[in-house]
Structure formats: structure tokens, C-alpha cells
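Reviewing the structure listed below.
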Amino acid sequence: MSVLILLPGQPGLPAATAIASGIRAALLTDWAFRVTVEMEHVDIARFQSSDVEERRLRTIYRSKYRNQRFDVIVAALPEPFRFVLRARDDLWPGTPVVVCGVDERSVRDLKPPPGFAVLTTRFDMEGTVRAALTLLPDTRHVALVGGASQPEQVYHDLIRQAVIRAGSVDVIDLTKLPIAGALARVSSLPEHTVIIQSSYQVDGDGRRFYGIDLVPHVSAAANRPVFTPLGLALGRGVVGGSIVEFEDIGRDAARMATQLLRGVAAPATLMPSLATATLRFDARQLARWRLDERRLPEDSQVFFRERTLWQQYRWHVAAAAGLIAAQATLIVTLLVQRRRRREAEAAAQRLLGQLAHFDRVARLGELASSLAHELNQPLTAILTSAQAAKRLLAKPEVDLEELRACIADVIDDDHRASEVIRHMRGLLKRTSVVTVPLALNDLAANTIGLVANDALSHAVTVEFRPAADLPVVHGDSVQIQQVILNLLTNAITAVAHEAPLNRSVTVWTAVTTAPWIELCVRDSGKGIPDADLGRIFEPFFTTNAEGLGMGLSISRTIIEAHNGRLLVENDPAGGATFRVQLRTDRPRRSPIPSSPATSSA
503 MSVLILLPGQ
513 PGLPAATAIA
523 SGIRAALLTD
533 WAFRVTVEME
543 HVDIARFQSS
553 DVEERRLRTI
563 YRSKYRNQRF
573 DVIVAALPEP
583 FRFVLRARDD
593 LWPGTPVVVC
603 GVDERSVRDL
613 KPPPGFAVLT
623 TRFDMEGTVR
633 AALTLLPDTR
643 HVALVGGASQ
653 PEQVYHDLIR
663 QAVIRAGSVD
673 VIDLTKLPIA
683 GALARVSSLP
693 EHTVIIQSSY
703 QVDGDGRRFY
713 GIDLVPHVSA
723 AANRPVFTPL
733 GLALGRGVVG
743 GSIVEFEDIG
753 RDAARMATQL
763 LRGVAAPATL
773 MPSLATATLR
783 FDARQLARWR
793 LDERRLPEDS
803 QVFFRERTLW
813 QQYRWHVAAA
823 AGLIAAQATL
833 IVTLLVQRRR
843 RREAEAAAQR
853 LLGQLAHFDR
863 VARLGELASS
873 LAHELNQPLT
883 AILTSAQAAK
893 RLLAKPEVDL
903 EELRACIADV
913 IDDDHRASEV
923 IRHMRGLLKR
933 TSVVTVPLAL
943 NDLAANTIGL
953 VANDALSHAV
963 TVEFRPAADL
973 PVVHGDSVQI
983 QQVILNLLTN
993 AITAVAHEAP
1003 LNRSVTVWTA
1013 VTTAPWIELC
1023 VRDSGKGIPD
1033 ADLGRIFEPF
1043 FTTNAEGLGM
1053 GLSISRTIIE
1063 AHNGRLLVEN
1073 DPAGGATFRV
1083 QLRTDRPRRS
1093 PIPSSPATSS
1103 A
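For the sequence shown, position 395 matches number 897 in this note's numbering, and the numbering has no gaps at all.
Here you go:
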């Protein structure tokens, strides 16, 4: 099936293009028909010798389509309608014709010829005038802007009649002016004036334009708001009006053409088009002229409204807000968990400090006999020196030098006893942690002195090999001494049941790879079973039936709190070696905190 669309004027006229677009879109979506669409432009009216031009056009069409038959012809707008009325029987006899885009008032008295389906459109000039006066109730003048051609004057007359019916408003007619004069006049209109722009294809000097080319120029130059009944003008600077969209006219024409293609007879009377005028406005122009939207009729449509951020990016904003809320919840949760974890770590450290204190007390209890021996030696020496001084004082002549020597011995032995008691008191007392420079050799020697009597009672030889020029380390002396004491007592216990000649414990210090130094304790016992090496530092794991299994676990925790390492390995010659490795630079973490300090007698 084949359809011919006849459009007015030259190709590119916006109204004709919009109607053709509506027709083609509607026809080509009805797949029940294999429709071929042809388009031609009836360009006659703009020529002075229109009769000659029409005859030439008929000749062209007759030659061009002599071998092609059309099933329906669609004549859009008045000029093609007038042409097809005169030429159908000559060029396309008996072919059904659909007419669209003609104002009902211009064909009111027409009786359609057979086969003509005339769809009349009511271009709502009166509705546009009424909308302008509703938005601007104090209007006194209506300036009419449009083309000077005879067909355009028909539309202008309709607007003039609508203004007259409104009453108490006069018309300022600018339709006969050249475009330059019209632009100058609209820029200097008096107050209380609105502008109605109609079709503008020919100006007062005969210069031709496409239908809506001048709309943005008039709107830009105007000092008063511009209204229009032209649908294609919306969005080009006009406020709006009661508008019929040309694409709707084309779609309705395609609907009627489809009926004719199906064999339905053309109606014998004029038929109103389903494309009706609706009140449409540009939100940007309403804002530009400060027009109150509340004055618009309820059925008005407002286009080009500036969308808010929420309207433009609703889902993006919602997703971002949800993400931020989830992130905030996660951050708060993590902060709460972090605080709880720190509190739990602090509580665990306090408990570990208490446990370390209990471990020291228990080990000193085990070394009670050794400590008693350590105290007995200086006390016995003090007693001997005091008795010697007494004998010297009993002589008739007192030897002052010998007496001074006895008193000096008493003082020295008292210092020795005080030092033993001070070390014991430091290990027993719950004190605050103090990080100070430590001489590891001195600390090891003092601790060996504490276990000397215990080693002697088990016939264990303790050998100490201090490294020369050993750098100082930083830490808490009581905690480091507790670790050394733990390793020494474990080593003595490990060799206590060996053969008498094989009971030895060796302690040495050494400088390793910077910044590390180490203290090693090696025993000559049976060593640690390979299966137990990986668990030796676990809490409550012990190979000694009488132990609790907490000493080595506490010792490793103390050393790691000093940024050090506590390692163990079996010696190939027998026995086990424990290595305490400490850094010579300042620790990045604080040692294990003790319980709150308490005074001790």
C-alpha cells in the first residue's frame, strides 16, 4: 500500500515537518499494512503567478507518478488542501484524501467532496488570549505580532476577535511591519501589555521565514511577556498558551488514513480532529516575568521546570544517603568496638599483671631457703664484726683503726643484706611500671644470686658468661628480672634429676644483629619433646607435674610487650636453650601494666 503526503511550502517548514513526523510514526507502527510513504511539497502560494506554478506542478506529478497508484493521499495544512481539491480528479481520480491542519472556522461552510475526510482543528486563539489575561489581570493592551501574508491574516483576525470579546483591552497591530520594525516596537511597549505571536512566515517587506524562526528573536527583544497558540514555539522564549501540537494533528490524520486503507468510507461531513488544544506553559518564562503559577487554570501543563537535585538524581541521592548512613553506622560500630576492645585489652593487661605478680610471689616462695641463705651470710658477718668490735672495746687501750675496720665491715654487710631485701621486695611488691635503661648483665647477675642457694641445694652448677660492652636496653627491671628468674628456676628444675656430673645451667649475653641483644639460658637436661615445642608458651601447658603452666606464657607476653622475642630450641648435645632477645632502642609499646601500686612493709 502506498500513501502520498502533501505538505505546504518549501521543505523544512517546522509545522509541516512535525505533522509529517506524526503521520509517518503512526503509519509505520501499524504492521498490519506494508505501507510505503511518499512526500511532496506544494509550493504555490508564494509565487505571483500561482496558476502557472500550479500547472507546472501538475505536470511534474503526472509525469513522476504515472506508473504509481496511491491508496490514500494526506493533505496537511490549507495550501495542499486547496491544491488537492482542484487537482485530485485530474491526477489521482477516486483516491481517498485525508485533510488535516485546517482551522474549523475557515472551512465551516464547506461540504467535503466524495472521498474527502476533512479533519478540522480548532487553533485556540481565544484560549491563548484568555490565559494571558488570567495571568496578567491588569492588562490593557494586546500587541499582535505575526506575518503579513493573506493566509496568516486569517489567523490574526481570529486573535483580534478574541481580544475584542475579552472587552476593555485594545489591540496594538504589528503584523504589517518589517521584522526590524516589529522587533523595535516589541522592545518599547507600554506597561500592562502582553504580546500574542501568531504565524510569522512573511514580514511587511515580503521577506519570507520559516514558521517559528522569529519566535526566539521576538521573545528576546520583547519587554513584555509573549504568548502564542503555536505548539512548536513552546520552549523558545514564549510563556505559553492554549496550544495544539502539530505531531498530534499528524497522528490523528494517520488514524483516519488507516481506516480508509481498511476500506472504511470517508465521512460525508467535517470531522473534528482528536488533536485538541491544551494549556501549556514554560516554567522558565513564568519565572522570568514573575508570573504567579497559582493563577494558572487547574488543567494547565507546565514544562521545562527546573528540577531539584532530588528530582534529577533521586536514586543517586538515596543511594548516597544510604551509603553514608551505612558508613556512619559502621564507623560508630567500629568506634564502639574499638573502645570495648581497648577496655578489654586493658582489663586483660591488668589481669596479666596480677598473674605475673602472683607468679613472682610463688617463685620467691619456692626460693625461700635460698633467700634465707642469702640473708644469713651478711647477718652472720655483721654479728662477727659486732663481736670483734665489742672485744676491742673491752681492751684497756682501744685500737681505733681496728674498730673502724669492724664498723666498716658492719656497714658493708648491712648494705649487702639491704640489697637482698630490696630485690626481694621489688619482686614481691605491686609497683607501677617504670621504663628505664637496664644493664642486662647486672640484672642477670643479681637474679643468679637469688637462685644460687637453690642451685646449690640441687647440686646444680650455674655458669654466667657476660658479654663485654653490652648496650643498655629499655624496660621495666622487675618484669625483665621475673623472666630471667622464671627461666633459671625452670632450668634448675629440668636438670635436678640428672646425674650429679650433668647438672649444669649456662647463662650468657651477646650482641646479635643490630638493634638486638640477647640473654640465653641453656640447661643440660633431656630437652623438650619436639611435639611440645610449638605449645611450650601456651597458657597452662607444662611438662612439670607440679607446675601451673603459666610461667613461660607470662614471660613471652612480658618480652613481647617490650618489643622483644622469647625463643626456644633444643640443643643437639642435649637440653634446651631459651633466648630472650631485646632491642637496644626505645620500645614502641609500654610493658605490661601492673595492678595499682600498694605500700608494703
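Cβ coordinates follow ideal geometry from the N, Cα and C atoms, glycine included.
Assigned exposure category for residue i - 16 Cβ within 10 Å defines buried
| i | result |
| --- | --- |
| Leu716 | buried |
| Arg568 | exposed |
| Val741 | buried |
| Ala828 | exposed |
| Arg967 | exposed |
| Tyr702 | buried |
| Gly629 | buried |
| Glu747 | buried |
| Leu837 | exposed |
| His917 | exposed |
| Gln813 | exposed |
| Leu825 | exposed |
| Ile714 | buried |
| Arg1058 | buried |
| Glu899 | exposed |
| Leu987 | buried |
For residue i, the nearest candidate out of the options (CA to CA)
| i | options | result |
| --- | --- | --- |
| Thr1008 | Leu825, His543, Thr991 and Thr1015 | Thr991 |
| Ala528 | Arg797, Gly617 and Arg757 | Arg757 |
| Val985 | Arg797, Pro968 and Thr949 | Thr949 |
| Ile661 | Val609, Ser700 and Arg843 | Ser700 |
| Pro692 | Leu1069, Gln703 and Arg726 | Arg726 |
| His719 | Thr630, Leu685 and Ala850 | Leu685 |
| Asp914 | Ile666, Leu788, Val544 and Ser887 | Ser887 |
| Ile1038 | Ile1061, Leu1068 and Ala1075 | Leu1068 |
| Glu540 | Leu509, Arg584, Ile546 and Leu734 | Leu509 |
| Ile674 | Thr695, Ala664 and Ser689 | Thr695 |
| Phe610 | Met627, Arg557, Thr771 and Ala547 | Going by the sequence as given, residue 610 is Arg instead of Phe. Closest option to Arg610, Cα to Cα, is Thr771. |
| Val586 | Ala907, Val537, Glu847 and Pro614 | Pro614 |
| Glu1071 | Ala1033, Ala1063 and Glu1062 | Ala1033 |
| Thr1011 | Lys897, Glu899, Ala946 and Val819 | Ala946 |
| Ala768 | Ala969, Arg816 and Thr597 | Thr597 |
Cβ-based neighbour list, residue i, same chain, cut-off 8 angstroms, excluding 5 preceding and 5 following
| i | result |
| --- | --- |
| Ser871 | Note on Ser871: pLDDT 49, under 50, position unreliable in the model; no value is reported. |
| Arg560 | Ala589, Asp592 and Leu593 |
| Ser608 | Pro580 and Val656 |
| Ile521 | Leu509, Ala578, Leu579, Cys602, Gly603, Phe748, Glu749, Ile751, Gly752 and Ala755 |
| Tyr712 | Gly514, Leu515, Pro516 and Gln703 |
| Pro799 | Ala633, Thr636 and Leu781 |
| Gly1076 | Ser1026, Gly1027, Lys1028 and Gly1029 |
Other residues of its chain near residue i: CB distance less than 6 angstroms, five sequence neighbours each side excluded
| i | result |
| --- | --- |
| Ser979 | Leu940 |
| Pro680 | Asp705, Gly706 and Asp707 |
| Leu989 | Val1023 and Phe1080 |
| Leu793 | Leu637 |
| Arg687 | Leu676 |
| Pro582 | Leu508, Pro510 and Val544 |
| Pro464 | What is shown of the chain runs 503 to 1103, which leaves residue 464 out entirely. |
| Phe549 | Glu555 |
| Val600 | Val576, Ala619, Ala755, Met758 and Ala759 |
Whole-number beta carbon distance between residue j and residue i, since they are thought to touch under 8 angstroms
| i | j | result |
| --- | --- | --- |
| Pro731 | Ser744 | 6 angstroms |
| Gly737 | Phe625 | Their Cβ separation, rounded to whole angstroms, is 19 angstroms, which puts Gly737 and Phe625 out of contact at 8 angstroms. |
| Leu579 | Gly603 | 4 angstroms |
| Ile909 | Ala890 | Incorrect: roughly 10 angstroms between the Cβ atoms, too far for contact. |
| Leu972 | Ile1019 | 6 angstroms |
| Gly739 | Gln787 | 7 angstroms |
| Ser1026 | Glu1040 | Contact doesn't hold; Cβ gap of about 25 angstroms is too wide. |
| Ile698 | Ala634 | 7 angstroms |
| Ile1005 | Thr963 | One point to set straight first is that residue 1005 is Arg, not Ile, in the sequence displayed. Their Cβ separation, rounded to whole angstroms, is 7 angstroms, which keeps Arg1005 and Thr963 in contact under 8 angstroms. |
Other residues of its chain near residue i: CB distance less than 7 angstroms, five sequence neighbours each side excluded
| i | result |
| --- | --- |
| Asp801 | Leu781 |
| Pro1017 | Arg1085, Thr1086 and Asp1087 |
| Val912 | Ile884, Ser887 and Ala888 |
| Ala650 | Thr677, Lys678, Val704, Asp705 and Gly706 |
| Ala1103 | Since pLDDT at Ala1103 reaches only 28, below the 50 mark, its modelled position is unreliable, and the value read off the structure follows with that caveat. Same-chain partners within the cutoff: there are none. |
| Ala724 | Val688, Ser689 and Ile697 |
| Ile994 | Val953, Asp956, Ala957, His960, Val962 and Val1007 |
| His658 | Leu646, Gly648, Thr677 and Ser700 |
Within-8 angstroms CB hit, residue i to chain D
| i | result |
| --- | --- |
| Val900 | Annotation note: the requested chain D is absent from the structure, which comprises a single protein chain. |
Is it the case that the segment 503-514 contacts the segment 572-583, given that we only count it when at least three CB pairs across the two stretches are under 8 angstroms? Yes, since at least three Cβ pairs between the segment 572-583 and the segment 503-514 fall closer than 8 angstroms, the two stretches touch.
Check whether the segment 609-628 touches the segment 775-788, counting contact only when three or more Cβ pairs, one atom from each stretch, lie closer than 8 angstroms. Judged by Cβ distances under 8 angstroms, the segment 609-628 makes contact with the segment 775-788, as three or more pairs qualify.
Under 8 angstroms: do the segment 670-686 and the segment 507-527 share three or more Cβ pairs, one atom per stretch? Contact fails: fewer than three Cβ-Cβ distances are below 8 angstroms.
Between the segment 760-770 and the segment 822-836, are three or more C-beta pairs nearer than 8 angstroms? Three or more Cβ pairs closer than 8 angstroms define a contact, and the segment 760-770 falls short of that threshold against the segment 822-836.
Segment contact, 8 angstroms Cβ cut-off, at least three pairs: the segment 629-646 with the segment 662-674: Pairwise C-beta distances place the segment 629-646 in contact with the segment 662-674, as three or more of them are shorter than 8 angstroms.
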